[in-house]
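Notes to accompany the following structure.
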Ligand code: NAP
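In the working numbering, the protein residues as written are 161 to 470.
Structure (structure tokens):
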């Protein structure tokens, strides 16, 4: 087993990178473990307009700045998948897929969340053949085609606006008669003239063949009438599931990690920051704040373990 490090950060999104910057600057021997690539879910966002200091840039560009900053102060990024975390006295044994475990005095979990499936007939079957949860990844395949977008939150509205600049027609399906997305996005979507709003409709099933999706059946909540939308693609944005299976600690019923205001989980020495924790707002700005607090408290914890608390 490897030599013990002071702070292991799991996840290289905004919360993880911020935690690493604070942990390194406080003198903790720190490693970030990331499964895929640095940046997290936000790196797939085509435009970010609410992160202070950067009025408008893409998620990839913003996270490029984060990564450059962290690497510039010596952050170590290890590409591996965390399978499990087990306490061993005051230390944590972090098990990795196909590699030696890492022993850490403190752990900060910043693994974010992934798109949630809606559960309609054909959703799974046609994933990658017309059903998508990533507008920037798959949007370009639908140039001058008709598509449907499902959901009423920030993601659905933002991505519907983006997709309406590529597709010929966007049918935006939502179960209510208004969106929950932030006001500026609501105003912007109303200005798009190729988005048709299918208010108060639920999705019933995908229509398709061997080649992929050809339509989507939706049902009116008011009349029960089923309408077939002739679309080549369906983008599902109905919320997120947390990436927290590998850790046993207190969580809410959906699996989001419960922390206190110090980002402490129910396991001493283990902290959580960003979208994977129970929080009223999932933004880059909130993940950054959480990451800073988590690293600050991790440093205090490690100092106490080592008998050098200030
Ligand atoms: P969200 O805010 O949870 O919205 C999910 C949407 O899906 C809601 O409109 C919900 O309908 C709908 N929905 C959920 N289950 C459904 C079902 N069974 N049938 C039909 N509709 C269903 O999720 P999100 O938009 O992915 O956002 C996740 C977090 O990231 C939020 O905190 C959000 O603010 C943040 N975010 C922020 C930005 C930004 O630019 N500021 C961008 C993306 C995400 P109801 O409204 O009826 O509940």
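Note that CB positions come from ideal geometry on N, CA and C, so glycine has one too.
So does residue i have its beta carbon nearer than 7 Å to some heavy atom of the ligand NAP?
| i | result |
| --- | --- |
| residue 244 | no |
| residue 210 | yes |
| residue 443 | yes |
| residue 398 | yes |
| residue 315 | yes |
| residue 312 | yes |
| residue 411 | no |
| residue 343 | no |
| residue 362 | yes |
| residue 318 | yes |
| residue 348 | no |
| residue 278 | yes |
| residue 336 | yes |
| residue 289 | no |
| residue 437 | no |
| residue 340 | yes |
Are the Cβ atoms of residue i and residue j separated by less than 8 Å?
| i | j | result |
| --- | --- | --- |
| residue 319 | residue 341 | no |
| residue 326 | residue 348 | no |
| residue 393 | residue 307 | yes |
| residue 309 | residue 395 | yes |
| residue 290 | residue 373 | yes |
| residue 334 | residue 311 | yes |
| residue 181 | residue 247 | no |
| residue 414 | residue 403 | no |
| residue 178 | residue 448 | yes |
| residue 279 | residue 397 | no |
| residue 227 | residue 198 | yes |
Looking at the secondary structure, which residues open and close the alpha helix (DSSP H) in which residue i lies?
| i | result |
| --- | --- |
| residue 402 | Counting along the chain, residue 402 falls outside any alpha helix (DSSP H), though it belongs to the beta strand (DSSP E) covering 400 to 402. |
| residue 180 | 174 to 185 |
| residue 426 | Looking at the DSSP string, residue 426 is not in any alpha helix (DSSP H), and its letter there is neither H nor E. |
| residue 465 | 444 to 465 |
Where does the unbroken beta strand (DSSP E) through residue i begin, and where does it stop?
| i | result |
| --- | --- |
| residue 419 | Here residue 419 belongs to no beta strand (DSSP E), and DSSP marks it neither H nor E. |
| residue 407 | Run containing residue 407: none; DSSP gives neither H nor E here. |
| residue 430 | 430 to 432 |
| residue 393 | 393 to 396 |
| residue 158 | It is not possible to answer for residue 158, since the shown part of the chain is limited to 161 through 470. |
| residue 251 | 251 to 256 |
| residue 275 | 273 to 275 |
| residue 265 | 259 to 269 |
Would the segment 434 to 445 and the segment 254 to 261 be scored as touching if the rule is three or more Cβ pairs under 8 Å? no
Taking contact to mean 3 or more Cβ pairs, one atom from each stretch, closer than 8 Å, check whether the segment 260 to 277 and the segment 431 to 440 are in contact. yes
Every unbroken beta strand (DSSP E) within the segment 285 to 345, with a cutoff of 3 residues, ordered by chain: 306 to 310, 329 to 333
Given 8 Å, three or more beta-carbon pairs between the segment 454 to 461 and the segment 419 to 433: yes
Report the start-end ranges of each alpha helix (DSSP H) in the segment 343 to 385 that is 4 residues or longer and not cut off at the edges. 343 to 350
Which runs of the alpha helix (DSSP H) fall wholly inside the segment 180 to 244 and span at least 4 residues, in chain order? 219 to 232
Report yes or no: do three or more beta-carbon pairs, one from the segment 184 to 204 and one from the segment 237 to 245, lie closer than 8 Å? yes
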